[in-house]
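What follows is a set of notes on a single structure, which appears directly below.
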Amino acid sequence: MSIDVLLQQIVNGLVVGSVYALVALGYTMVYGILQLINFAHGEIVMIGALVALVVTKALTAAGIPPVLALLLAILAAMIVCAIVGVSIERIAYRPLRSAPRLAPLITAIGVSIFLQQVAILVFGRNYFTFPEIIPKSPINIGPITVTANEIVILITSVSLMAGLLWLVNKTKIGTAMRATAEDQKVAGLMGIDINKIIAITFAIGSGLGAVAGVMVASNYGQAHYYMGFMLGLKAFTAAVMGGIGNLWGAVAGGLILGLVENVGLIFVRGDYKDIFAFVVLVLVLIFRPQGLIGEKVAERA
Amino acid sequence: MNSLLQNKRNQIIAIVALGIFLLILPFLAGMLGQAWVRILNITLLYVMLALGLNVVVGVAGLLDLGYVAFYAVGAYVWALLASQHFDLHYPWWVLLPLGAFLAALAGLMLGAPVLKLRGDYLAIVTLGFGEIIRILMNNLDKVSLPGGDTVYNITNGPRGITGIDGLNFFGFKLSKGIEIFGLPVSGLQLYYFVFLAFACFSVWMVYNLQHSRLGRAWQALREDEIAAKAMGINVRNVKLAAFAFGALTGGLAGGLFAAMQGFVSPESFGLLESVMILAMVVLGGMGHIPGVILGAVLLSAMPEVIRYAADENVQQKVFGFVVVAPEVLRNLIFSLAMILIMLYKPAGLWPSPERKAELEGDRV
Numbered sequence: 001m002s003i004d005v006l007l008q009q010i011v012n013g014l015v016v017g018s019v020y021a022l023v024a025l026g027y028t029m030v031y032g033i034l035q036l037i038n039f040a041h042g043e044i045v046m047i048g049a050l051v052a053l054v055v056t057k058a059l060t061a062a063g064i065p066p067v068l069a070l071l072l073a074i075l076a077a078m079i080v081c082a083i084v085g086v087s088i089e090r091i092a093y094r095p096l097r098s099a100p101r102l103a104p105l106i107t108a109i110g111v112s113i114f115l116q117q118v119a120i121l122v123f124g125r126n127y128f129t130f131p132e133i134i135p136k137s138p139i140n141i142g143p144i145t146v147t148a149n150e151i152v153i154l155i156t157s158v159s160l161m162a163g164l165l166w167l168v169n170k171t172k173i174g175t176a177m178r179a180t181a182e183d184q185k186v187a188g189l190m191g192i193d194i195n196k197i198i199a200i201t202f203a204i205g206s207g208l209g210a211v212a213g214v215m216v217a218s219n220y221g222q223a224h225y226y227m228g229f230m231l232g233l234k235a236f237t238a239a240v241m242g243g244i245g246n247l248w249g250a251v252a253g254g255l256i257l258g259l260v261e262n263v264g265l266i267f268v269r270g271d272y273k274d275i276f277a278f279v280v281l282v283l284v285l286i287f288r289p290q291g292l293i294g295e296k297v298a299e300r301a
Numbered sequence: 302m303n304s305l306l307q308n309k310r311n312q313i314i315a316i317v318a319l320g321i322f323l324l325i326l327p328f329l330a331g332m333l334g335q336a337w338v339r340i341l342n343i344t345l346l347y348v349m350l351a352l353g354l355n356v357v358v359g360v361a362g363l364l365d366l367g368y369v370a371f372y373a374v375g376a377y378v379w380a381l382l383a384s385q386h387f388d389l390h391y392p393w394w395v396l397l398p399l400g401a402f403l404a405a406l407a408g409l410m411l412g413a414p415v416l417k418l419r420g421d422y423l424a425i426v427t428l429g430f431g432e433i434i435r436i437l438m439n440n441l442d443k444v445s446l447p448g449g450d451t452v453y454n455i456t457n458g459p460r461g462i463t464g465i466d467g468l469n470f471f472g473f474k475l476s477k478g479i480e481i482f483g484l485p486v487s488g489l490q491l492y493y494f495v496f497l498a499f500a501c502f503s504v505w506m507v508y509n510l511q512h513s514r515l516g517r518a519w520q521a522l523r524e525d526e527i528a529a530k531a532m533g534i535n536v537r538n539v540k541l542a543a544f545a546f547g548a549l550t551g552g553l554a555g556g557l558f559a560a561m562q563g564f565v566s567p568e569s570f571g572l573l574e575s576v577m578i579l580a581m582v583v584l585g586g587m588g589h590i591p592g593v594i595l596g597a598v599l600l601s602a603m604p605e606v607i608r609y610a611a612d613e614n615v616q617q618k619v620f621g622f623v624v625v626a627p628e629v630l631r632n633l634i635f636s637l638a639m640i641l642i643m644l645y646k647p648a649g650l651w652p653s654p655e656r657k658a659e660l661e662g663d664r665v
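So the protein lines, in turn, are chains X and R.
The first sequence: position 190 = 190 (my numbering), numbered continuously.
So the mapping is simple: my numbering equals the position in the second sequence, first residue as 1, plus 301.
Right under this line is the structure:
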């Protein structure tokens with residue numbers, strides 16, 4: 001194994017990992033506030049990719065320059081996903097806030113299947129090719145090969161993550177979000193509109209998911225109604241590995257998962273790539289049951 | 302006293318009626334077509350799976366999202382040791398116990414490293430375990446030892462294993478069917494009775510487990526792990542026992558599945574399958590055996606019934622054209638039903654009386 005191969009796989013891993021991290025943030029934000037695995041988040045990512053695809057095609061056909069069309073399409077996807085995310089919370093999760101813990105998990109699974117079927121009705125079962133707007137011609141930096149597309153993905157996701165961390169840690173809304181996550185009842189007593197904050201959380205998480213969906217679709221050049229499933233699974237794994245409920249944990253988990261998968265490819269055959277991710281997850285959780293960065297939650301008395 | 306006797310008598314009448322109904326059910330279904338008998342058989346397997354998972358999730362309160370792995374272990378044990386693939390043909394009384402035992406062993410293997418984990422961390426690790434088993438089944442068709450050149454084909458990969466032996470009672474092949482007093486009983490109907498017997502056995506086993514010392518320990522664990530520990534319950538052993546017993550039922554159902562289908566492939570053992578079984582347990586009423594059975598029957602039969610009801614021909618007659626593909630419509634109705642039932646019955650359709658009281662007490 002040469003060091004060049006290793007470096008190349010590290011770069012690939014960072015690109016994939018940053019997408020995982022974006023999706024993982026959506027899971028971890030919702031979990032932090034509601035202690036709910038939002039099973040439908042993967043489907044939101046899928047919807048984002050498909051909406052962006054349709055809008056891009058329509059706008060470029062109307063003669064709008066491709067890059068502008070892509071930006072508008074991403075904006076549209078973010079808005080659609082935010083609306084879908086907030087509606088899901090309103091309809092399927094809010095009535096069950098005081099219900100037994102597994103009830104909202106089952107509705108989440110129901111919503112996930114429902115969204116997939118709606119996607120089949122609206123977009124069909126086809127695999128769509130995502131137009132290549134940001135060129136994928138290889139650029140050589142020393143021994144490593146990257147594409148402009150990959151560079152854009154990395155920069156976008158890093159800036160989005162930085163933006164989110166700033167929002168959560170430095171703004172008033174962020175303070176309200178953290179307070180709600182800490183203790184909903186007390187936060188409500190302090191004059192925070194809990195329902196509004198939870199809706200905002202879903203909107204932000206879904207918006208990030210939409211961008212991640214576009215990134216995946218442009219990176220692999222295709223989008224289809226089933227793409228959200230495996231991606232969602234991996235991202236959720238990443239969120240848990242980092243310590244669910246913790247934003248830095250989601251970022252770290254996503255990057256580590258991307259790196260492990262791609263560097264692992266040097267040693268094992270591609271068929272076993274997915275096993276590698278789960279084996280690492282199990283190992284991490286055996287030695288750190290609360291995740292890499294997760295705080296040790298006080299045990300219920 | 303009189304009314305108590307009356308109650309007892311009513312109960313016996315109800316049980317006898319249910320028994321007679323279950324015995325003639327395959328013949329009623331047979332009149333509609335053998336496909337319906339197959340649906341009945343699959344439903345019985347799901348009842349067994351849901352009962353097994355109920356031990357882990359409902360009684361002991363350990364969230365398991367990879368339960369289908371044990372089903373897969375049972376099915377593959379049967380498929381590998383009773384088919385043309387290795388040209389091995391062991392009888393059922395070796396394979397079913399072996400499958401159940403190996404599945405229970407897999408349950409222990411999964412249980413041991415995750416003892417410290419709780420709630421959703423446990424869920425994701427079990428999910429990962431399920432995926433690992435599925436990926437292994439997909440890829441163990443080209444195994445080569447380090448340094449060796451021979452490639453071994455163990456599971457035949459995504460193509461799956463075909464030509465699996467069916468159930469065979471001392472030379473009598475069940476799939477051939479039989480004629481009793483001029484009444485033809487098809488192979489699938491015979492399988493129904495075997496499956497029914499195993500399902501009843503599972504109910505009996507789970508019921509007794511739940512009301513045993515071990516079952517009470519599981520419930521204590523579910524309610525409060527720390528308090529259970531303080532009461533002198535060996536949390537480690539009790540948790541491992543839950544995983545093992547749950548897995549055992551799954552392995553048994555897996556063997557029966559392989560025997561009836563004659564074909565297994567990794568596709569039958571995806572995450573969605575685990576999720577479905579979990580949904581059966583939660584939708585029916587966690588920890589309550591009649592509720593869990595109801596959930597299993599509803600979720601496994603409903604999609605099939607909708608599939609027939611939403612047939613293209615029916616749509617053609619009602620609307621004059623095919624509005625949506627039946628498959629899509631089926632899943633749409635199915636997912637909506639899941640959401641609605643949970644919204645209106647968060648404790649499940651048929652929760653145990655204690656749990657119901659507990660939940661309603663909470664709201665006051």
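The C-beta atom is built at its ideal place from N, Cα and C for all residues, glycine as well.
Check                                                                                                                                                                                                           : Outcome
Which residues, in order along the stretch 69-83 of chain X, keep a beta-carbon less than 8 angstroms from a beta-carbon of chain R?                                                                            : none
Can you check whether the CB of residue 646 of chain R is closer than 8 angstroms to the CB of residue 289 of chain X?                                                                                          : no
Going along chain R, which residues have a C-beta under 9 angstroms from residue 96 of chain X?                                                                                                                 : 643, 644 and 647
Measuring only the C-alpha atoms, how far is residue 182 of chain X from residue 33 of chain X?                                                                                                                 : 8 angstroms
By a C-beta neighbour count over all protein chains shown, 10 Å radius and 16 as the cutoff for buried, is residue 389 of chain R buried or exposed?                                                            : exposed
Does the stretch 423-435 of chain R come into contact with the stretch 565-578 of chain R, if we say contact requires no fewer than three beta-carbon pairs (one atom in each stretch) closer than 8 angstroms? : yes
Below 8 angstroms on C-beta distance, what does residue 117 of chain X contact in chain R?                                                                                                                      : 629, 632, 633 and 636
At the 8 angstroms Cβ level, is residue 24 of chain X part of the contact set with chain R, yes or no?                                                                                                          : no
Are the stretch 594-612 of chain R and the stretch 333-349 of chain R in contact at 8 angstroms, needing three or more beta carbon pairs?                                                                       : yes
Using beta carbons (cut-off 8 angstroms, strictly below), is residue 596 of chain R in contact with chain X?                                                                                                    : no
Nearest CA to the CA of residue 382 of chain R: which residue from R/363, R/398 and R/638?                                                                                                                      : R/398
Using a C-beta cutoff of 8 angstroms, does residue 110 of chain X count as contacting chain R?                                                                                                                  : yes
Determine the chain X residues that contact residue 414 of chain R at a beta-carbon separation under 7 angstroms, and present them in chain order.                                                              : 282 and 286
For residue 41 of chain X, which three-state DSSP category applies?                                                                                                                                             : helix
What are the residues in the stretch 185-206 of chain X lying within 7 angstroms of chain R by C-beta distance?                                                                                                 : none
Take residue 507 of chain R as the anchor and find which of R/327, R/658 and R/358 has the nearest alpha-carbon.                                                                                                : R/358
So what's residue 140 of chain X in DSSP terms, helix, strand or just coil?                                                                                                                                     : strand
Listed in chain order, which residues of the stretch 432-451 of chain R have Cβ atoms closer than 8 angstroms to some Cβ of chain X?                                                                            : 432, 433, 436, 437, 439 and 440
Take residue 53 of chain X as the anchor and find which of X/40, X/39, X/36 and X/71 has the nearest alpha-carbon.                                                                                              : X/71
Alpha carbon to alpha carbon, how far is residue 408 of chain R from residue 545 of chain R? Give it in angstroms, no decimals.                                                                                 : 5 angstroms
Could you pull the start and end residues of the alpha helix (DSSP H) that residue 89 of chain X belongs to?                                                                                                    : Careful: residue 89 of chain X lies outside any alpha helix (DSSP H) and carries neither H nor E.
Name the residue from R/420, R/329, R/424 and R/414 whose alpha carbon lies nearest to the alpha carbon of residue 368 of chain R.                                                                              : R/424
Contact criterion: CB-CB distance below 8 angstroms. Does residue 50 of chain X meet it with respect to chain R?                                                                                                : no
What does residue 107 of chain X touch in chain R if you count any residue whose Cβ is under 8 angstroms from its own?                                                                                          : 639, 640, 643 and 644
Is residue 293 of chain X close to chain R, meaning its C-beta is less than 8 angstroms from at least one C-beta of that chain?                                                                                 : no
Rounded to whole angstroms, how far is the Cβ of residue 209 of chain X from the Cβ of residue 26 of chain X, which I believe are closer than 8 angstroms?                                                      : 5 angstroms
Would you say residue 580 of chain R lies against chain X (beta-carbon separation less than 8 angstroms)?                                                                                                       : yes
Looking only at DSSP bridge pairs, what is residue 453 of chain R linked to?                                                                                                                                    : R/444
List the residues of chain R whose Cβ lies closer than 9 angstroms to the Cβ of residue 237 of chain X, in chain order.                                                                                         : 425, 428 and 429
Here's the rule: buried if 16 or more other CB atoms are within 10 angstroms of the residue's CB, otherwise exposed. What is residue 514 of chain R?                                                            : exposed
Less than 8 angstroms between CB atoms is the rule here; does residue 298 of chain X satisfy it with respect to chain R?                                                                                        : In this predicted model, residue 298 of chain X has a pLDDT of only 44, less than 50, meaning its place in the structure is not dependable enough to derive any value.
Between residue 197 of chain X and residue 176 of chain X, is the Cβ-Cβ spacing less than 8 angstroms?                                                                                                          : yes
Pick helix, strand or coil for residue 222 of chain X, following the three-state DSSP scheme.                                                                                                                   : strand
Can the beta-carbon of residue 634 of chain R be found closer than 8 angstroms to that of residue 504 of chain R?                                                                                               : no
Which term fits residue 312 of chain R, buried or exposed, when burial requires 16 or more other beta carbons within 10 angstroms of its beta carbon?                                                           : exposed
If I follow the unbroken alpha helix (DSSP H) through residue 261 of chain X, where does it start and stop?                                                                                                     : 247-267
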